[in-house]
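Okay, structure first, notes after.
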Amino acid sequence: MDFNHNEVEQKWKKYWQKKGTYKVSNDTSLPKYYVLDMFPYPSGAGLHVGHPLGYIASDIVARSKKQQGFNVLHPMGYDAFGLPAEQYAIQTGVHPEKSTNENIKTYRAQLDNLGFNYDWDRQVKTCEPNYYKWTQWIMTELFSHYYDLDSNKAEPISSLIEKFKTSGSTGVNAANNQESTFSAQEWKEMSTLEKDQTLMNYRLAYRKTGHVNWCEALGTVLANDEVKDGLSERGGHPVERRAMMQWSLRITAYAERLLNDMQPLDWSDALKSMQSNWIGRSEGAQLFFNVTNSSEKIEVFTTRPDTIFGATFMVLAPEHELVEVLTTADQKSAIDACIGEVKNKSERERLAEVKEMTGAFTGSYAINPFNGAHIPIWIGDYVLKDYGTGAIMAVPSDDDRDRTFANKYGLDIVDVVDKSNFAGAGASDKVGEMINSDFLNGMSVKDAIKLMFDKMAQKGIGNKMINYKLRDANFSRQRYWGEPFPVYYDTDGVSHALSLDQLPLELPKLDDFKPTKDGKSPLAKATDWVNHNGTIRETDTMPGFAGSSWYFLRYMDAGNPEEFASKSALDYWQDVDFYIGGAEHAVGHLMYSRFWHKFLFDKGLVPTNEPFKKLVNQGMIQGVIESIYLRKNEDGSNTFMSADLVDEEADGLVKMPVHVDFVSNYGLPNSYLDKDGLQQFLAWRSDYEGSTFETKLGAFTIGTFAIDAKVITVSEVGKMSKRYYNVVNPDDVVAKYGADCFRMYEMFLGPIEQSKPWDTKGIDGVSKFLRKLWNLVHDDGQLIISDEKASPEELKVLHTAIKKINDDIEKLSLNTSISAFMVCVNELKKLECNKREILTVLTSLIAPFAPFMSEELWHQLGEEGSVHHSKFPQHNPAYLVESQFTYPICFNGKKRDEMSFDADANPEDIESAVKANKDLDKWLEGKAIKKVIVVPKRMVNIVI
RNA sequence: GCCGAAGUGGUGGAAUUGGUAGACACGCUGGAUUCAAAAUCCAGUGCUCCGGCGUGAGGGUUCGAGUCCCUCCUUCGGUACCA
557 MDFNHNEVEQ KWKKYWQKKG TYKVSNDTSL PKYYVLDMFP YPSGAGLHVG
607 HPLGYIASDI VARSKKQQGF NVLHPMGYDA FGLPAEQYAI QTGVHPEKST
657 NENIKTYRAQ LDNLGFNYDW DRQVKTCEPN YYKWTQWIMT ELFSHYYDLD
707 SNKAEPISSL IEKFKTSGST GVNAANNQES TFSAQEWKEM STLEKDQTLM
757 NYRLAYRKTG HVNWCEALGT VLANDEVKDG LSERGGHPVE RRAMMQWSLR
807 ITAYAERLLN DMQPLDWSDA LKSMQSNWIG RSEGAQLFFN VTNSSEKIEV
857 FTTRPDTIFG ATFMVLAPEH ELVEVLTTAD QKSAIDACIG EVKNKSERER
907 LAEVKEMTGA FTGSYAINPF NGAHIPIWIG DYVLKDYGTG AIMAVPSDDD
957 RDRTFANKYG LDIVDVVDKS NFAGAGASDK VGEMINSDFL NGMSVKDAIK
1007 LMFDKMAQKG IGNKMINYKL RDANFSRQRY WGEPFPVYYD TDGVSHALSL
1057 DQLPLELPKL DDFKPTKDGK SPLAKATDWV NHNGTIRETD TMPGFAGSSW
1107 YFLRYMDAGN PEEFASKSAL DYWQDVDFYI GGAEHAVGHL MYSRFWHKFL
1157 FDKGLVPTNE PFKKLVNQGM IQGVIESIYL RKNEDGSNTF MSADLVDEEA
1207 DGLVKMPVHV DFVSNYGLPN SYLDKDGLQQ FLAWRSDYEG STFETKLGAF
1257 TIGTFAIDAK VITVSEVGKM SKRYYNVVNP DDVVAKYGAD CFRMYEMFLG
1307 PIEQSKPWDT KGIDGVSKFL RKLWNLVHDD GQLIISDEKA SPEELKVLHT
1357 AIKKINDDIE KLSLNTSISA FMVCVNELKK LECNKREILT VLTSLIAPFA
1407 PFMSEELWHQ LGEEGSVHHS KFPQHNPAYL VESQFTYPIC FNGKKRDEMS
1457 FDADANPEDI ESAVKANKDL DKWLEGKAIK KVIVVPKRMV NIVI
């Protein structure tokens, strides 16, 4: 009997569960190691073979760390609130809670099939009240804190109120969106509501009216990172800008820390640069311009104060608050027309016609503070309201966009930087020599920028300023399936947060989840819930990223009813040592969780400043999309065309994805549907019965289809998705090859960071390897094991493998570590080794990769307990010592011969031995030896 | 456009970080076993006109370059009127 993976898997799954093999204790003197997977959103489609890629890698790391003597936290849970469950509910009437729990059940069964070592007692589900109680609590804490720029951390709002009482807004240096200043006296005279509204401009979770991404199809607003190319990330629906009252999180207060603290983290450069780009720090100057016909000043942000003499016009964003004041009577109609046009453009249109600028002249002029020149003030849609100050000084000579605008509207262009010595330089590159710029003439751009900062400060017209692209995060969703805000409004309209003992504020049961066109949350329909003791509850819910911004902390102490996690648990586990997940969360989730973590750190609630020490983005496993060409004929009949009859994208042909199961040779250039496949296809899509198939051999119907005829399909690599009928369920692969084989094969495919199409063509290799390993000690189902002492050769093979695999796991190079296993088993097989001494160690070495087979072997070998508790075997360098080393002898880098020396021979002895070797003379071709280079344990190169 | 990553056999991919390029596996070829096939096992497998040539292209540094430097090309990922 061969290794029966199905039986063995069932047996050990039960054993592990019964013995609590994977339970993790918080109470131990062992050093900790925290391995985390990005928890999945439990979608209705279940797991496909791509999902486990990261889970397998983290499982291997977790298991091997455990074997090395660490107490390893390796938990799993579900990001269970979110749009898809709610969209599904709207379509089918099934309550999101029900469908979510069903999906979770499917996920759990699929995960269990793969033999992961999760401690399920620590599972979290973000949609459960005992979890979102703490999500809500953190929100109330953000609500009751502001960011103090002097202490550079979050401080309680109560101390802000104290400061307002003594010195008004001028007495504080805090992150805010307060537009006007006020004195202590003015603060005292404010009504409760006015005070509340003022505090809102400082709170870290605050409500304000702002321009947000409104998605009508989804009936909700979205955060910036949930919008891609003007379409919603989920569903691809159009998104428009709308002014709405919304909750936001003041993540911008943490911009600098989010940027700087990334430096020491063990993250890839790609990921770090994505985060820095998103934060988008730029250093420049804040500059004030007086205006000829008004007392208002225009504030601009520029990174190029040196070019001020080339500022031939100013541009305000159409939404800028000064536009109304500055527009003169005779320009009013032009400005109104422009604003109207901009408003009507959807976000998508604006992106599509990126180079098309729209603008209009306000009729007013600004005064250049350095030469008194009058500069026309325009509005233009290429200037954004919410970046910088929403106003720019335009320097058409040194900025491409300004030049395009100047050309379109016939505005002056004055060259201020001579770049003739820098041939390849673009308009905005900071190189060249200043010209036409008064006191700056002759200076380099860099010196001129420095000097301008000083001049601006002297004149009192501007300062250094740092700007960020990062915007505050929109935190409201007008949806049902999310955390309700723990906030209510009293009869005066003043906002209050619920206290901890009032939490969780549970989501009321609703039957009608439909969003409303007016932007109200479905919760508004639960009038009993909304009106509570004479107060009104907030009806928006929190976005998907709320629950996922801190879940890694909950795992540390998952059941705790008193705290989000106990201090002792937090002090023990500290932070995540190793985090693995998809790159699609590189900006959103990672940015938000770092922000929340830093906030909790400021409060002294978590012991570390950053949550994720090491982070790896696993690649995506893609699918093959097979499609056939369909032609709808005028008479209503259908013709399917073989792809080899179709050149390019012929008119009137539709690419129709088909189940890859029907396709022969799928994934290869010559994939096709034969008669068999077509029969399956027609059974699946009976609406195409009677169709004609055009092939190289002629046109057929299914009844007349020639045996040799083929309908060639089009193969593409793309997403694995229900709608392409190309989803491969890991359960099927496991049923056929076993979980161990599946795990090792996914790792063997290539580097974990790389995306690649799923392809089972190589899985036999891994399957063969596992069989070989098994057969080292099995014959006809009988265990054949020898208690003889291992030979030096055998020990060398084993310890080479231990070293290599040890190193590879550390580097997360799991594909090469599997190669090392293969080499090891092949060599042992050659040596006909079935020694207990070797096999016991090998079994525990491979346990992280193939937990089922190794556990079975472990017990057959008569070992106690679980192999997953055994110490990870360390290699013994003594077994790897070579007595001799064979050096390649190269002449000018080309290998010509070989010579063996004692492994510890010193280079000088080798050199003289090589020189003395008469056999090498024929390669000298009469030339003299210039130099002999001996690279110990590598090679000898003779330079002639 | 900008930022980041990467280009190695028929294929997936190795290469101790400047030291015998192509490990390991798939595929293919031949052989063994079999009535036959599958499965299994063994051998071979970068190209070659057998001099050599070979890591996207061209140049450079070096005794020696897949690896370092410069120029260019291609692919993928991110991002975009960001002043």
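Residues in the first sequence are numbered from 557 upward in steps of one, following the working numbering. All C-beta atoms in this analysis are idealised placements derived from N, C-alpha and C, irrespective of residue type, glycine included. A quick note: this is a predicted structure, and the numbers were derived from the prediction, not measured.
- DSSP places Y703 inside the beta strand (DSSP E), whose first and last residues are 701-704.
- Each residue's CA atom was taken as its position, placing L774 and K1073 some 10 Å apart.
- Per DSSP, N846 is one residue of the beta strand (DSSP E) stretching across 837-847.
- Within its own chain, the residues whose Cβ lies closer than 6 Å to the Cβ of A1255, once the five positions on either side in sequence are excluded, are T1248, listed in chain order.
- Taking all protein chains in view, the Cβ of F1237 is crowded by 16 or more other Cβ atoms within 10 Å, so the residue is classified as buried.
- In this structure, DSSP gives T1091 an extended state, which the three-state scheme calls strand.
- Within the same chain, Cβ atoms closer than 8 Å to the Cβ of Q1440 are found at S1456, F1457, D1458, A1459, the five residues on either side in sequence being excluded.
- Annotation for A841: F857, T858, T859, P861, M1008, F1009, M1012, G1018, N1019, K1020, M1021 place their beta carbon closer than 8 Å to its own, counting only its chain and skipping 5 residues before and after.
- A straight-line Cα-Cα distance of about 28 Å links N627 and G606.
- Inter-residue distance for V1050 and M746 is about 13 Å (C-alpha atoms, whole angstroms).
- For G1321, the closest of S1369, W1314, E1309, Y1301 by C-alpha to C-alpha distance is Y1301.
- Uninterrupted beta strand (DSSP E) stretches at least 3 residues long and entirely within the stretch 1197-1277 occur at 1209-1214, 1248-1251, 1254-1256, 1270-1274, given in chain order.
- T1097 is bridged by DSSP to R1033, P1040.
- Apart from sequence neighbours up to five positions away, the residues of its chain that approach P1429 with a beta-carbon distance below 7 Å are I1358, V1397, S1400, L1401, ordered along the chain.
- Between the C-alpha atoms of T883 and V1172 there is a straight-line separation of about 53 Å.
- The C-beta separation of I895 from P874 comes to about 5 Å, placing the pair in contact by the 8 Å criterion.
- When DSSP states are grouped into helix, strand and coil, I717 belongs to the helix group.
- The continuous stretches of alpha helix (DSSP H) do not include I1485, and DSSP gives it neither H nor E.
- Exclusion of the five residues before and after L609 leaves Q1174, I1177, E1302 as the residues of its chain whose Cβ lies within less than 6 Å of its Cβ.
- Pairing L805 with R1110, the inter-Cα distance amounts to about 21 Å.
- Between the C-alpha atoms of A1004 and N997 there is a straight-line separation of about 9 Å.
- Close CB contacts of T1372 within its chain, under the 7 Å cut and outside five residues either way in sequence, are with D1364 (chain order).
- Within its own chain, the residues whose Cβ lies closer than 6 Å to the Cβ of M695, once the five positions on either side in sequence are excluded, are A761, listed in chain order.
- Leaving aside the five residues that flank V1423 on each side, the residues in its chain whose CB is nearer than 7 Å to its CB run, in chain order, T1399, S1400, A1403, S1410, E1411, W1414.
- In terms of Cβ geometry, K1391 and A1346 form a close pair [threshold 7 Å].
- Cβ contact annotation for F1120 (same chain, cutoff 6 Å, sequence separation greater than five): W690, in chain order.
- In this structure E742 is not in contact with G766, their Cβ atoms being roughly 24 Å apart against a cut-off of 8 Å.
- Per the coordinates, the alpha-carbon of R1494 lies some 35 Å from the alpha-carbon of K1312.
- The way I'd put it, the stretch 703-718 doesn't touch the stretch 650-662; fewer than three beta-carbon pairs between them come closer than 8 Å.
- A Cβ-Cβ contact shorter than 7 Å links V987 with A981.
- In this structure, DSSP gives G928 a state outside helix and strand, which the three-state scheme calls coil.
- The C-beta separation of T1097 from L1079 comes to about 7 Å, placing the pair in contact by the 8 Å criterion.
- In this structure, the straight-line span from the alpha carbon of A1461 to that of E1383 is close to 28 Å.
- By the beta-carbon neighbour count (other beta carbons within 10 angstroms, threshold 16), T1251 is buried.
- M801 sits in a strand when the DSSP states are folded into three classes.
- It is roughly 52 Å from the alpha-carbon of L1056 to the alpha-carbon of W934.
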